[in-house]
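Below you'll find the structure, written out as structure tokens, and then a few comments.
In my numbering, the protein residues as written are 1 to 334.
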């Protein structure tokens with residue numbers, strides 16, 4: 001029996017879209033991905049529409065502003081923070097209109113707390129990641145803001161049977177490896193120990209919703225993600241390594257969902273749907289799991305966001321993922 005919020009043979013997107021027309025992006029999402037639509041992000045609109053700015057707009061009592069070096073905590077919200085919040089509110093208004101009559105699971109995305117801590121600078125110092133106390137404050141503020149965001153989505157999309165909450169953590173491998181650059185760029189911040197990262201990530205998860213972590217960087221830390229209580233992991237299937245397959249198998253056995261990125265996030269020829277579905281089918285076969293679980297436990301997506309693609313390709317990539325997902329159910333590796 002399927003224990004996931006979505007049905008079999010489901011596809012979705014990672015989050016970002018090209019262009020500046022959010023209403024059109026929402027229409028594309030609901031049209032091409034009716035089984036698991038999401039709130040698209042349009043970073044091409046500029047400051048405040050970027051991944052970090054959107055997440056920072058959710059923080060409670062931790063105002064930010066943009067400096068030449070990037071986002072920084074400040075004493076009071078500046079115009080950049082207001083712009084970020086305005087983008088989000090307008091996007092939610094548009095979503096509310098587009099989602100009328102929809103019933104089913106719905107996904108939202110937000111930059112995760114560890115990537116955020118490795119990006120946003122303190123008022124008069126280095127990045128927040130350099131100060132464990134600052135990270136704890138950030139995680140607490142983030143968790144409160146994210147809970148409010150999920151509650152707002154439930155009000156605006158009353159037909160949502162479940163909210164899938166995707167934390168974008170492209171910086172997580174660097175946080176654990178000690179390769180996050182200092183604010184000056186001349187050094188590296190110390191590595192965060194895995195148990196600490198687990199606790200920070202766990203503390204940020206919403207009490208309401210189905211949490212997943214997206215990491216499109218090499219070296220996805222599956223064990224940290226699993227131990228944090230996350231229910232799914234989203235990644236670029238082309239970066240999977242054979243040496244990761246033991247821990248991937250443990251995650252599958254633990255009931256975690258896998259969102260596998262199987263088409264490129266930038267314009268490229270799209271192969272046949274059987275080829276697109278191939279990495280998922282082959283992974284399941286190598287791990288020895290029954291084909292009957294593949295179509296429910298695996299969701300197909302682009303490899304990463306689509307902000308760098310053309311609008312035509314973005315739509316085509318989502319269509320290709322949706323059609324390829326049917327292969328997981330109809331022809332699971334036969």
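Ideal placement from N, C-alpha and C gives every residue a C-beta, glycine not left out.
Legend entry - Segment limits, beta strand (DSSP E) that includes residue 89: Here residue 89 belongs to no beta strand (DSSP E); instead the alpha helix (DSSP H) covers 79 to 98.
Legend entry - Rounded separation between residue 333 and residue 282 - CA only: Here residue 333 scores only 45 on pLDDT, less than 50, and its place in the model should not be relied on; the value that follows carries that caveat. Near 7 Å, if we compare the C-alpha coordinates of residue 282 and residue 333.
Inset, instruction - List the endpoints of the continuous beta strand (DSSP E) containing residue 72. - result: 70 to 73
Legend entry - C-beta contact flag for residue 3 and residue 36 at 8 Å: Contact: no.
Inset, instruction - Please report the residue range of the alpha helix (DSSP H) in which residue 274 lies. - result: 273 to 287
Legend entry - Pair within 8 Å by beta-carbon distance, residue 25 and residue 57: no
Legend entry - residue 184 versus residue 149: straight-line alpha-carbon distance, rounded: 33 Å
Inset, instruction - Return the chain-ordered list of same chain residues with a C-beta closer than 7 Å to the C-beta of residue 266, the five sequence neighbours on each side being excluded. - result: Here the set comprises 308, 309.
Legend entry - Residue environment, residue 186, which counts as buried when at least 16 other CB atoms sit within 10 Å: exposed
Inset, instruction - Assign residue 106 to one of three DSSP states: helix, strand, or coil. - result: strand
Legend entry - Member of 67, 136, 212, 217 whose CA lies at the smallest distance from the CA of residue 225: 212
Inset, instruction - Run through the region 231 to 265 for me and flag every whole alpha helix (DSSP H) of 4 or more residues, listed as ranges in chain order. - result: 245 to 253
Legend entry - Reference residue 119, options 277, 62, 52, 324, closest by Cα: 52
Inset, instruction - For the region 124 to 144 and the region 74 to 92, state whether three or more C-beta atom pairs, one from each stretch, are separated by less than 8 Å. - result: No, they do not touch.
Legend entry - Contact under 8 Å by Cβ, residue 171 with residue 205: no
Inset, instruction - Identify whether residue 124 lies in helix, strand or coil by the three-state DSSP scheme. - result: coil
Legend entry - Start and end residues, alpha helix (DSSP H) containing residue 222: Unbroken alpha helix (DSSP H) run through residue 222: 222 to 227.
Legend entry - Span of the beta strand (DSSP E), counted from its first residue to its last, around residue 160: 160 to 168
Legend entry - Range covered by the alpha helix (DSSP H) that runs through residue 319: Residue range 311 to 330 is occupied by the alpha helix (DSSP H) that includes residue 319.
Legend entry - Range covered by the beta strand (DSSP E) that runs through residue 214: 210 to 214
Legend entry - Beta carbon of residue 165 nearer than 8 Å to that of residue 192: no
Inset, instruction - Using only alpha-carbon positions, find the residue among 278, 301, 302 that is nearest to residue 291. - result: 278
Legend entry - Best match in 254, 221, 315 for proximity to residue 243 [C-alpha to C-alpha]: 221
Legend entry - Reference residue 98, options 75, 28, 330, 132, closest by Cα: Among 75, 28, 330, 132, the Cα nearest to that of residue 98 is on 28.
Legend entry - Opposing strand residues paired with residue 292 [DSSP bridges]: Residue 292 is not bridged to any residue.
Inset, instruction - Identify the continuous beta strand (DSSP E) that holds residue 346 and give its terminal residues. - result: Here the chain covers residues 1 to 334 and nothing more, so residue 346 does not appear.
Legend entry - Buried/exposed call for residue 161, threshold 16 Cβ in 10 Å: exposed
Inset, instruction - Specify the secondary structure class of residue 12 as computed by DSSP and reduced to three states. - result: Residue state, collapsed to three classes: coil.
Legend entry - The alpha helix (DSSP H) enclosing residue 300, as first and last residue numbers: It is not in any alpha helix (DSSP H) - residue 300 instead sits in the beta strand (DSSP E) that spans 298 to 302.
Legend entry - Range covered by the alpha helix (DSSP H) that runs through residue 141: 132 to 156
Legend entry - Unbroken alpha helix (DSSP H) run spanning residue 17, endpoints: That residue, residue 17, is in no alpha helix (DSSP H); it is neither H nor E in DSSP.
Inset, instruction - Please name the residue, chosen from 167, 180, 275, 325, that lies closest to residue 14 on a Cα-to-Cα basis. - result: 167
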